[in-house]
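Here is the structure we will look at, set down as structure tokens.
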Amino acid sequence: MQEDSPAPISPTARLLLQAVFIFFSGLFLFLVFALSSVLVDQVWHAGRVMPGVTMNGINLSGLEPGQAALAILNGTEIGDEKSITLQYGDIVWQALPSQLGLELDAPASAREAYLYGRQGSLGSILAYQLFGRRASHDLQPMVTFNEQTAFNYLSQIAHEYNRPVKEAELGLSGTQVIAIPGQVGLELDIEASLEMIADYVRRLDGSPIVLPINQEPPDILDASPFAANAQTILSRPFELTIPAGQADAGGSFSLPVEQVAPMLTFTRQQGAGQTIIKPQFRDDLLLAYLSDLAQRTAIQPRNARFIFNDDTRQLDLLTSAVTGRELDIEESLAAIQAAINEKRSSAALVFNTLAPAVNDAATSADLGITELVHEESSYFFGSSEPRIQNIEKAASEFHGLLVPPGATFSMAANMGDISLDNGYSEALIIFNGRTIEGVGGGVCQVSTTLFRAAFFAGFPIEERHPHAYRVSYYEKTAGNGRNSNLAGLDATVFIPLVDLKFTNDTPYWLLMETYINRAANRITWKFYSTSDGRSVDWETSGPISIVEPKKPLYKKNPDLKAGEIKQVDWEADGADVRVDRYIYRNGQLINSDVFRTHYEPWRAIYEYGPGTEGIPENGDD
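In this text, residue positions in the sequence shown follow my numbering: the first is 40, and each later residue adds one.
Have a look at this one:
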């Protein structure tokens, strides 16, 4: 079999093969040339910066690294000669690089320049040799960055120019509400600022560094609208009204604008998805005002007063009971604050009702008042008309008064105000070691009678004070006699410091009645209740340890005429008295007590006018 001969190569294929051969042969020769050129160039510039290399505009071509470093150091403005612009809002600083921690590293920069064209891939090196060596290659200097130094500088800026967020507020100037504007908070973001400085170091293009600022707006920047609303509260007086159902319903207490303004404060509240400012009364000042008002508006409940009818043995109504009230301070405060919130200039006060213990319908059976358990009288012969008037007035305060079972009765607490306005007159009283004219002289006639009634009825005496000296009124008997055994059975009151108290220690109410008989110069105090079988025995030492008073004292009174002599105090012997009381119930001794009284000797005192003759030589002392 004859073998096939190879197919002849076409002319086109032959040309193609020749072209491929020529290309690769040229490429080989180019590479050999290029590598040879690189090798020659590297050898030629050994130890020196490659051609076309500049740094920050400084030509470093052909320089050794040390020379290049010196050139960079001398020609680069990165030290204190060139400032860096920083901006913080509208504020601009020209900071020295050293202040921001920037420092030129000339050796590292020279090393970077020297390595340019010598390092990298073979392709990059060839590209530089073939195309770049005649061009300019400007490099950035190497700069070190100390973050701590920059942090310290930025912290100073933040300390000086940061500002806290401030909320708008309302204030007062007299009776005018003023709006105090708020402030947007500014805070330098130091961490972000450090990153921006670090980026600047990488480019060193001289552009300003705009420092980042965090802003915090207030909830309220402008309080003017709230000031206008608040001003309406101060446009008229604030009225506190007494509601219906009270004895003085319809009345009111007016707080003038000048009084309201200092009591106001302004609070922030959330309303309708936004923060608002509202006026309110200061709780402490409003509480103080309401506490004072509570005393002025309080009505103490008063029991009904009765007279025991000796014929029917029932109670006859003398004075109707009084329902008391007290101001509910907390509820009134809440009502006032609610009125302010609603822009109202008035609010109704809130009162609590205080019911009396005994109303008008009480009966003798209800109270256990069935009989007269004791009565006591004292006599006021020789008393002046003002003194008798005071006795009548004081006695009337207790007529028909009830004492609950187990309660301690205080004369001072039930006496009322001893004043001219309350119906009292001036008469002789004992004050500061003298007998002088004073409002209420004679009240002690009433307290002495009450003491004796409680004493002989067998009630425990909780507080009793004798007079400073023996007063003749309190030893008087019917017919204007005098019984010295009554010494030590007197009691003085000086309201509110000196009181007379006794306890109703029975299970029954005690009804007191007082009667004045001018014709007989007598005051009588009656106790009505139910007897529990008690009786009283007593013994008295009578006045002992008698001490005579000093000789009369004469004092000059320029208001008296010459020859006029006026007695203003009267002598009385000093003495001690002991009174023993024994209390029995159904013949069995249940208690005993002792009452000791010390009377000071009391000298007579006379006043005389200037030029009066015949005054004892020892009269003045």
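For each residue, glycine too, the CB sits at the ideal point set by N, CA and C.
None of the values given here were measured: they were computed from a predicted structure.
Please name the residue or residues paired with residue i in a DSSP beta bridge.
{"i": "residue 621", "result": "576 and 631"}
{"i": "residue 94", "result": "97 and 178"}
{"i": "residue 549", "result": "442"}
{"i": "residue 565", "result": "414 and 552"}
{"i": "residue 309", "result": "314"}
{"i": "residue 215", "result": "212"}
{"i": "residue 205", "result": "222"}
{"i": "residue 541", "result": "448 and 500"}
{"i": "residue 644", "result": "592 and 608"}
What are the boundary residues of the alpha helix (DSSP H) that residue i is part of?
{"i": "residue 188", "result": "186 to 200"}
{"i": "residue 508", "result": "From DSSP, residue 508 is part of no alpha helix (DSSP H); its letter is neither H nor E."}
{"i": "residue 335", "result": "322 to 336"}
{"i": "residue 428", "result": "424 to 435"}
{"i": "residue 153", "result": "145 to 154"}
{"i": "residue 405", "result": "403 to 406"}
Alpha carbon to alpha carbon, how far is residue i from residue j?
{"i": "residue 408", "j": "residue 430", "result": "27 angstroms"}
{"i": "residue 448", "j": "residue 396", "result": "15 angstroms"}
{"i": "residue 602", "j": "residue 548", "result": "60 angstroms"}
{"i": "residue 496", "j": "residue 575", "result": "7 angstroms"}
{"i": "residue 557", "j": "residue 275", "result": "58 angstroms"}
{"i": "residue 437", "j": "residue 452", "result": "11 angstroms"}
{"i": "residue 347", "j": "residue 411", "result": "9 angstroms"}
{"i": "residue 92", "j": "residue 257", "result": "56 angstroms"}
{"i": "residue 311", "j": "residue 250", "result": "37 angstroms"}
{"i": "residue 483", "j": "residue 367", "result": "38 angstroms"}
{"i": "residue 183", "j": "residue 150", "result": "15 angstroms"}
{"i": "residue 103", "j": "residue 153", "result": "8 angstroms"}
{"i": "residue 323", "j": "residue 460", "result": "35 angstroms"}
{"i": "residue 171", "j": "residue 145", "result": "Residue placement at residue 171 is poorly supported in this model, since its pLDDT is 49, which falls under 50; the coordinates are not used for a value here."}
{"i": "residue 630", "j": "residue 494", "result": "12 angstroms"}
{"i": "residue 87", "j": "residue 106", "result": "9 angstroms"}
{"i": "residue 508", "j": "residue 553", "result": "26 angstroms"}
Kindly indicate which three-state DSSP category residue i falls into: helix, strand or coil?
{"i": "residue 226", "result": "strand"}
{"i": "residue 453", "result": "helix"}
{"i": "residue 375", "result": "helix"}
{"i": "residue 495", "result": "helix"}
{"i": "residue 249", "result": "strand"}
{"i": "residue 238", "result": "helix"}
{"i": "residue 742", "result": "Missing from the structure shown is residue 742; the chain here goes from 40 to 660 and no further."}
{"i": "residue 118", "result": "Low per-residue confidence applies at residue 118: pLDDT is 42, beneath 50, and the placement is therefore not dependable enough to give any value."}
{"i": "residue 364", "result": "strand"}
{"i": "residue 274", "result": "helix"}
{"i": "residue 51", "result": "helix"}
{"i": "residue 105", "result": "helix"}
{"i": "residue 486", "result": "helix"}
{"i": "residue 57", "result": "helix"}
{"i": "residue 380", "result": "helix"}
{"i": "residue 654", "result": "coil"}
{"i": "residue 526", "result": "coil"}
{"i": "residue 171", "result": "Here the model assigns residue 171 a pLDDT of 49, short of 50, so the residue's position is not dependable, and the following value carries that caveat. DSSP places residue 171 in helix when its eight states are reduced to three."}
{"i": "residue 139", "result": "helix"}
{"i": "residue 294", "result": "strand"}
{"i": "residue 460", "result": "helix"}
Start and end of the beta strand (DSSP E) containing residue i?
{"i": "residue 583", "result": "583 to 586"}
{"i": "residue 301", "result": "That residue, residue 301, is in no beta strand (DSSP E); it is neither H nor E in DSSP."}
{"i": "residue 593", "result": "592 to 595"}
{"i": "residue 683", "result": "The chain is shown only over 40 to 660; residue 683 falls outside these bounds and no answer can be derived."}
{"i": "residue 132", "result": "130 to 134"}
{"i": "residue 419", "result": "No beta strand (DSSP E) contains residue 419, which DSSP labels as neither H nor E."}
{"i": "residue 123", "result": "123 to 127"}
{"i": "residue 607", "result": "604 to 608"}
{"i": "residue 346", "result": "344 to 348"}
{"i": "residue 612", "result": "Premise fails: residue 612 is in no beta strand (DSSP E) and is neither H nor E."}
{"i": "residue 392", "result": "390 to 393"}
Excluding the five sequence neighbours on either side, which residues of its own chain have a C-beta within less than 7 angstroms of the C-beta of residue i, listed in chain order?
{"i": "residue 522", "result": "514 and 516"}
{"i": "residue 339", "result": "363"}
{"i": "residue 485", "result": "430, 433, 434 and 562"}
{"i": "residue 314", "result": "258, 259 and 307"}
So, at 6 angstroms on beta carbons, what are the nonlocal neighbours of residue i in its own chain, with the 5 sequence-adjacent residues on each side left out?
{"i": "residue 229", "result": "193"}
{"i": "residue 648", "result": "599, 600, 601 and 603"}
{"i": "residue 287", "result": "281"}
{"i": "residue 644", "result": "592, 607 and 608"}
{"i": "residue 118", "result": "Legend: pLDDT at residue 118 = 42, less than 50; position of this residue unreliable, no value from coordinates given."}
{"i": "residue 305", "result": "209, 316 and 318"}
{"i": "residue 344", "result": "357, 358 and 439"}
Within a Cβ cutoff of 8 angstroms, which residues of the same chain sit near residue i, ignoring the five residues on either side of it in sequence?
{"i": "residue 300", "result": "211, 213, 214 and 273"}
{"i": "residue 382", "result": "268, 271 and 272"}
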